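Q: Okay, so the sequence shown: first residue is 6 according to the working numbering, each after it adds one. Just so you know, even glycine gets a beta-carbon here, dropped at the ideal spot from N, CA and C. What you are looking at is a predicted structure, and each value in this text was computed from that prediction instead of being measured.
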Amino acid sequence: MKNTVFTGVATALVTPMNANGVDYDAFGRLIEWQIEEGINALVIAGTSGEGSTLSDEEHREVLRFSVEKVAGRVPVIAGTGSNDTAYAIDLTKFASEIGCDAMLLVTPYYNKATQRGLIESFRAIADASTKPCILYNVPSRTGCNLTPASCAILAEHPNIVGIKEASGNISQIAEIAALTKGEFDIYSGNDDQIVPLMSLGGKGVISVVSNILPKKTVELCDKFFAGDLEGSRAIQLDLLPLINSLFCEVNPIPAKAAVAAIGFGENYVRLPLTTMEPENEAKMRELMREQGLDV
């Protein structure tokens, strides 16, 4: 049995920015607060972290800063996937060398590779990594779907330990679980499906809502794993309006606005993203207040 990177909640952490670049003061405070609130792991420079618009130098510095700031207190999972396999290999090697605990590898976007291409690409990246790799399937953003059969093949690789499943297709997730027989960790990539996915044997969630409610998201998972299914389900449903609000515009536009609203940096995103529409932000803030946040 392969080692599990984390159980529970990993925050897909936003990267605070301003017109001058990454706001490391706000980023450091956000990391500290997440750990203080009991988060189980942190994903750095993924979709929510605007990894696709970080320069190569920024991407590497954000990873290095995070490893140094976290200092081993929780796993640091580096977003090192790319539609360029050679670049992903190079970035994965770097992240391994500086002490990241695991890699998150998104399916190649725009290229729309075949299943054979996906398998060969992920194998090549995993071969280059000295740390465990978690695949990331999000066809709504990448234009391609990693099938359960491909997951079963990739699960045989010693460095490929799990998947962040954000297809939204519960039937597909169930098939992955059935084919991999508990030898492949499955994490929800959708905050509105945490409980359903864990009911199929999932290990937790790589979460957006935990950017602003880490403790409550962890509580949702903790209750489930402790056998309090009713309590876990109640939190899932209570969070649903806010989760929907966080995805009313493309992620991480609302997440960045929400994190800024609770005091971690500016509401600044890089083009082609733009800041949240005022009416949407007003509704989101009201839902945040209902969850006890001071905004």
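Skipping 5 residues on each side, what residues in its chain have a beta carbon closer than 7 Å to that of A260?
A: Excluding positions up to five away in sequence, the list reads V19, S53, V213, N216, L251.
Q: Evaluate K186 with the Cβ neighbour count: other Cβ atoms within 10 Å of its Cβ, from every protein chain shown; 16 or more gives buried, anything less gives exposed.
A: Exposed is the call here.
Q: What are the start and end residues of the alpha helix (DSSP H) that includes K169?
A: No alpha helix (DSSP H) contains K169, which is instead part of the beta strand (DSSP E) from 165-170.
Q: Excluding five sequence neighbours on each side, which residues of the same chain lie with their C-beta closer than 6 Å to the C-beta of N116?
A: For N116, where only same-chain residues beyond five positions count, the Cβ hits under 6 Å are N88.
Q: For C138, which three-state DSSP category applies?
A: Three-state result, C138: strand.
Q: Provide the residue span of the beta strand (DSSP E) that contains L205, from first to last.
A: Per DSSP, L205 belongs to no beta strand (DSSP E) and is neither H nor E.
Q: Around the Cβ of T279, are there at least 16 other Cβ atoms within 10 angstroms (buried) or fewer (exposed)?
A: That one is exposed.
Q: Using only alpha-carbon positions, find the residue among Q39, A17, A265, K228 that is nearest to G56.
A: Comparing Cα positions, the closest option is A17.
Q: Quick check on the burial criterion: 16 or more other C-beta atoms within 10 angstroms. Buried or exposed for P137?
A: So P137 counts as buried.
Q: Pop quiz: T85 and L59 are said to be a contact at Cβ under 8 Å. What is the actual Cβ separation, rounded to whole angstroms?
A: So it is not a contact: roughly 12 Å between Cβ atoms.
Q: Which residues bound the beta strand (DSSP E) around V210?
A: Note, V210: beta strand (DSSP E), 209-212.
Q: Just how far apart, CA to CA, sit F189 and G173?
A: So the alpha carbons of these two residues sit roughly 18 Å apart.
Q: For the stretch 66-74 against the stretch 154-172, do three or more pairs of beta-carbon atoms, one drawn from each stretch, fall closer than 8 Å, so that the two count as touching?
A: Cβ pair count under 8 Å is below three, so no.
Q: Could you give the uninterrupted runs of the beta strand (DSSP E) lying entirely in the stretch 206-267, keeping only those of 3 residues or more?
A: Counting whole runs of 3 or more residues, the stretch 206-267 contains the beta strand (DSSP E) stretches 209-212.
Q: Quick check on N285: does DSSP put it in helix, strand or coil?
A: In this structure, N285 counts as helix in the three-state DSSP scheme.
Q: To the nearest angstrom, report how far apart L151 and E41 are at their CA atoms.
A: Computed Cα separation, rounded: 35 Å.
Q: Is the stretch 262-282 close to the stretch 219-227, with three or more CB pairs under 8 Å?
A: No: fewer than three Cβ pairs fall under 8 Å.
Q: For T16, does the three-state DSSP call read helix, strand or coil?
A: Looking at T16 - three-state DSSP - the assignment turns out to be strand.
Q: If distances are taken between C-alpha atoms only, which option among D106, P153, G77, T112 comes closest to A3?
A: Because the chain here runs from 6 to 300, residue 3 falls outside it and cannot be looked at.
Q: In three-state terms, what does DSSP make of L109?
A: In the structure shown, L109 sits in a strand (DSSP, three-state: E or B).
Q: Would A15 and L35 be called neighbours here (beta carbons separated by less than 8 Å)?
A: Result no, Cβ atoms of A15 and L35 do not sit closer than 8 Å.
Q: Hey, could you find the ends of the alpha helix (DSSP H) G77 is sitting in?
A: Looking at the DSSP string, G77 is not in any alpha helix (DSSP H), and its letter there is neither H nor E.
Q: M22 to V67, Cα distance in whole Å?
A: Computed Cα separation, rounded: 11 Å.
Q: Might you give, ordered along the chain, the residues of its own chain that have their beta carbon closer than 7 Å to the beta carbon of R65, omitting 5 neighbours on each side?
A: Cβ within range, chain order: F99.
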